[in-house]
Amino acid sequence: MGKSPQDFTRLLFDKEELFDKPEPLKGVRILEVCSVVLGPAACDYLAEFGAEVIKFEGQKGDQMRFVTPYAYFWKGMSPGLEIENHNKYWMGMHVGNLRAKELFLELVKKSDVVVDNLTPGRMAKWGLDYENLKEVNPGIIQLHVSGYGSWGPWTGRTSYDAVAQSMGALAPITGFEDRGPIKSGVWIADWITGLMCANAILSALNYRERSGEGQFIDYLQVENVIRWLDWTWLYSFKTGKDRKRSGNRDLAICPSDLFECLDGQVALAAFSEEEFRGLCQAMEQMDLYEKHPDPLERLKDENARALLDRIALWARNRRVDEVEALASRHGFAASRVLEAKDVYRSEHFRERGAIQEYEDPLYGKMVQQCYPPVMSETPGRLKWSCRPLGFDNRYVLKKILGLPDEEVKRLEEEGVVFQWNPKVPSQCPPPGWDGKSGVKLG
Amino acid sequence: MDDSKIVGLAAHPEYAKWAHRETNPDDIRRKPEALDDTVVLDVSHGSFAGLFASSLLAEMGAEVIRIEPPGGDLARKMTPYGMMIRDAGLGYITEGRNKFHITLDFTTEEGKKLFQSLAKKADVLIHTFKSGYLDGLGLGYGRLRESNPGLIFTAIHTYGQFGGDAEKYSNQPDYDILDQARGVIMSVTGEPDLDPEVPEKYKKPLKQGNWMGWYAGGAWAAFGIQMAMLHKRKTGKGQFIDASPPEGLMAISNYVMQYFHMSGQQMPRAGNYDYAVFPYTYVKCKDGFTFISGFSDPNWSALCEIMNRPDLLERFPSIKERLTPGNQPTIQHEIELFTAQYTSDEIHQMITAYGKRPDKKGTVVTGRLETPREVLQREHWEARETFVRMNDPHYGEILVQNSSFKSMSKTPGRIKWACRPIGADNELIFRKYLGLDGQKLEELKENGIV
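Next comes the structure, spelled out in structure tokens:
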């Protein structure tokens with residue numbers, strides 16, 4: 001090879017070749033009967049890696065067309081809708097409608113996965129439960145996700161992201177020691193549950209590749225939050241106590257905390273003996289190291305508090321970049337807290353393809369995150385953004401179902417499929433749209 | 443289980459019964475496993491991102507060989523207040539599930555050879571070292587793929603394996619606090635910037651209480667690995683996966699990036715408010731905190747009716763008033779005047795009763811901020827077997843969260859055992875994969891290699 005490992009790695013991931021590389025989920029067709037964040041996000045993750053996701057909306061449209069910060073709209077579009085909807089095909093069709101249901105089942109025959117985040121049992125009420133889907137396509141995978149799942153004492157209770165954070169005890173363990181619980185600044189319980197739904201779907205696809213068999217998946221949002229809370233449960237079980245809020249201090253790793261510097265905050269961690277020695281050298285306070293080289297000793301509450309106080313005193317007179325440089329030199333971990341603008345402007349993330357820039361035919365230049373991980377053979381990619389209501393009806397009906405134009409027209413006239421209401425701007429194309437750009441099979 | 447427990451509050455009881463039959467926890471162990479043809483080497487070091495990734499694969503049946511240095515991995519010591527149960531902390535016991543725990547010093551020549559032989563037979567390798575570390579040992583992707591082109595080589599690290607920051611900070615280890623700090627979400631999480639009642643010293647970034655950086659990093663890695671497995675099943679080809687946990691958080695940081703792109707503005711920390719939906723917040727109640735929502739106009743009307751506060755409906759009639767940042771603390775404090783008089787259960791009952799009224803104006807949702815001990819007592823989680831309690835031969839009476847993939851009808855995720863002591867499976871794995879006999883293993887032990 002004769003190259004440095006990083007050069008070798010950079011070549012493997014060369015973003016110039018992005019669109020020359022295959023997509024891992026090419027040929028996987030997903031029907032998305034979802035709204036808001038969780039269900040659409042689960043499908044979005046798969047769409048950026050090549051799955052063909054067909055999203056169905058009712059007359060009102062996805063609720064996220066109306067959820068946006070400070071009621072701010074951009075070119076008529078709701079940023080709330082944009083973030084969990086990329087590379088998708090948009091159909092205006094209420095799948096509970098009798099005629100629509102027939103079309104939907106025709107699509108099921110040609111699809112791999114059906115995802116819904118409706119009230120548990122709603123799909124069944126429409127005759128679209130797993131037994132029905134399986135009849136037309138024995139290999140179909142159906143995933144339903146809801147707060148508490150399809151059965152059990154609390155099935156049927158409504159969940160939102162914030163409810164999952166509270167009922168699953170995430171918010172109660174988040175916050176400063178002497179203050180109240182804090183909700184995440186983002187809809188974290190939606191996003192991470194969507195990610196685990198995508199994982200469940202992928203394992204079902206792997207199994208189907210081996211066996212030819214599909215299956216039904218019930219996924220529970222609140223339970224997912226519970227799953228992610230690391231040692232919280234074993235700790236309560238063994239001690240009979242609740243895990244306490246501890247701000248930015250990690251109760252299981254010491255030192256690991258956020259410290260005030262002259263010009264901002266720095267996150268810092270140094271747990272192993274070697275890393276901790278490096279930190280103490282950087283601080284020129286080797287007495288700290290000699291006192292507690294053993295990580296387990298440092299974790300005892302009294303020791304931890306004393307140590308963190310000493311680091312806080314030291315950090316207070318340093319600049320953030322100074323601490324970062326010392327960390328790199330001495331082999332411990334330290335970084336500033338990145339904000340949206342830092343990431344947006346970062347060369348590092350662009351080089352990695354974690355932030356991608358592309359030209360959307362409806363909305364123009366977009367700069368945004370592409371889902372991780374970065375993959376050398378089958379990387380993810382952004383192709384287009386969210387779309388007006390019913391924007392791709394014709395494409396789906398003609399290309400996938402093979403319906404002739406007259407039939408498509410009839411379905412439109414009968415209102416089985418529909419498009420944006422001109423009176424609702426966030427359902428519509430951007431103002432000044434030429435009537436052609438972005439249209440597939442117009 | 444009796445029907446009432448299965449059906450709960452279901453709008454469609456027959457569906458609930460059907461779903462229970464399909465995903466009954468009692469049947470799990472008799473069903474097949476999705477990934478039981480997959481061999482995974484987890485050589486992660488001091489990182490629960492690596493451990494969580496391999497846990498997810500192990501729950502779905504993959505044979506995960508967890509490789510630690512002879513003294514045990516640093517992650518075993520990452521435990522609250524230093525609490526250990528024999529050789530493992532509470533976090534490690536939680537994520538040791540279904541794995542074979544072996545030791546191997548692959549910095550030695552002989553250890554390297556054993557490592558290469560194992561890597562030859564694996565489908566997936568997961569590591570969390572600094573970039574270039576394995577290359578330095580001659581165990582980088584370039585080398586390993588020569589003898590195993592199908593290998594899915596997965597590197598998890600804060601700064602990633604290439605890019606400007608990966609070079610600049612290449613000597614730094616990966617930690618959850620760093621992953622969270624670089625993942626943008628932390629910058630917008632914390633006490634509300636715009637609430638005058640919050641003391642200034644609390645107005646700073648706040649991490650999620652759990653190891654969110656690591657768990658997200660691990661879940662994204664597993665996501666990539668499963669896609670790579672699918673690709674490998676079709677083409678035989680492996681690949682290099684570079685999973686940087688901060689990228690896993692910033693990719694799900696709502697619209698903070700998009701809002702910056704579109705408006706040139708950044709969003710402040712909102713605390714328990716939400717600048718896109720309000721009220722949608724945590725409020726004080728008589729016995730702790732509870733969530734309450736009434737965002738859209740009909741739902742806000744319903745909430746005002748439940749609270750008997752028509753004046754609030756008049757003052758804040760549309761989402762425009764309710765999404766004005768300055769108004770949110772005011773509305774919050776007004777709602778708390780009402781909720782502070784009741785327990786979270788009483789509030790839930792009032793809201794449920796209102797929801798059944800034929801003249802209801804909209805839907806209000808609530809949910810208690812449950813403490814961990816409360817969660818552990820709930821009938822629903824007991825029915826769904828959300829937790830597994832066991833008497834482990836090495837770690838005694840323990841309780842860990844179950845696989846959240848357990849409600850898959852054909853290939854449910856499961857826990858077969860919780861964790862294993864350091865090197866407990868050396869004999870099995872080295873014999874099974876490399877054909878080493880007892881004598882050879884003794885030699886390796888004496889030389890400090892296993």
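As given, the protein sequences belong to chains A and B, one line each in that order.
The opening residue of the first sequence carries number 1 in the working numbering; numbering runs sequentially from there.
The opening residue of the second sequence carries number 443 in the working numbering; numbering runs sequentially from there.
For each residue, glycine too, the CB sits at the ideal point set by N, CA and C.
Annotation for B/Ser845: Glu501, Gly855, Arg856 and Ile857 place their beta carbon closer than 7 Å to its own, counting only its chain and skipping 5 residues before and after. In the structure shown, A/Cys261 falls within a strand segment according to DSSP collapsed to helix, strand and coil. Straight-line spacing of the CA atoms in B/Phe665 and B/Ala504 works out to 14 Å.
Given a length threshold of 3 residues, each whole run of the beta strand (DSSP E) inside the region 94-167 of chain A is given here in chain order: 113-116 and 141-146.
DSSP places B/Gly838 in the strand class (E or B) of the three-state scheme.
In summary, B/Ser446 is exposed, with fewer than 16 beta-carbon neighbours lying within 10 Å of its beta-carbon over all protein chains present. Going by DSSP, B/Ser735 is part of the beta strand (DSSP E) stretching over Gly730 to Ser735.
Positions of the alpha helix (DSSP H) runs, each at least 4 residues long and wholly inside the region 70-96 of chain A, are given as 79-82 in order along the chain. Under the 8 Å criterion on CB atoms, A/Arg277 is classed as non-interfacial with respect to chain B. Annotation for A/Glu273: the continuous alpha helix (DSSP H) segment containing it runs Glu273 to Met283. In this structure, the alpha-carbon of A/Phe104 lies about 18 Å from that of A/Pro40. Counting C-beta pairs closer than 8 Å gives three or more between the region 75-85 of chain A and the region 417-431 of chain A, which meets the contact rule. Burial of B/Glu475 is indicated by the presence of at least 16 other C-beta atoms within 10 angstroms of its C-beta. For B/Arg675 against A/Ser166, the beta-carbon gap comes to about 40 Å, at or over 8 Å, which does not count as contact. With a threshold of 8 Å between beta carbons, A/Ser35 makes no contact with chain B. Interface residue (Cβ-Cβ distance to chain B less than 8 Å): A/Arg352 is classified as such. For B/Cys727, the three-state secondary structure derived from DSSP is strand. In summary, the residues of the region 727-759 of chain B whose CB is separated from some CB of chain A by less than 9 Å are Gly730, Phe731, Thr732, Phe733, Ser735, Phe737 and Ser738, in the order they occur in the chain. Residue range Lys541 to Thr545 is occupied by the beta strand (DSSP E) that includes B/Lys541. Taking 8 Å as the threshold, the shortest C-beta distance from A/Phe271 to chain B falls below it.
Within chain A, no residue has its beta carbon less than 8 Å from that of B/Ile789; the closest one is some 13 Å off. Rounded to whole angstroms, B/Ala744 and B/Glu763 show a C-alpha spacing of 17 Å. Counting C-beta atoms within 10 angstroms of its own C-beta, B/Ser851 has 16 or more neighbours from the protein chains shown and is therefore classed as buried. Check the Cα spacing between A/Gly121 and each of A/Ser146, A/Asn97, A/Val108 and A/Leu288: the tightest is with A/Ser146.
Nearest Cα to A/Ile182 within the set B/Lys798, B/Phe829, B/Thr631 and B/Gly625: B/Thr631.
By DSSP's assignment, B/Met850 forms a beta bridge with A/Ile217.
Between B/Asp468 and chain A, the shortest Cβ-Cβ separation is not below 8 Å. Of B/Thr808, B/Glu778, B/Asp801 and B/Ile777, the smallest CA-CA separation from B/Met792 is found for B/Thr808.
Contact between the region 373-388 of chain A and the region 20-38 of chain A is established, with three or more Cβ pairs separated by less than 8 Å.
Residues of the region 358-371 of chain A with a C-beta atom less than 9 Å from some C-beta of chain B are Lys365, Met366, Val367, Gln368, Gln369, Cys370 and Tyr371, listed in chain order.
For A/Ser146, no CB of chain B lies under 8 Å from its own CB, so it is not counted at the interface with that chain. In this structure, A/Leu38 and A/Asp190 form a Cβ contact; the two beta carbons are roughly 4 Å apart against a cut-off of 8 Å. The beta carbons of B/Thr781 and B/Thr732 sit closer together than 8 Å. Annotation for B/His569: the continuous beta strand (DSSP E) segment containing it runs Val566 to His569. When the alpha-carbon of B/Gly678 is set against those of B/Trp662, B/Lys562, B/Leu593 and B/Asn613, the nearest one is in B/Leu593. Taking the Cα of A/Leu11 as reference, the smallest distance to any Cα among B/Leu451, B/Phe604, B/Phe595 and B/Tyr657 is reached at B/Phe604.
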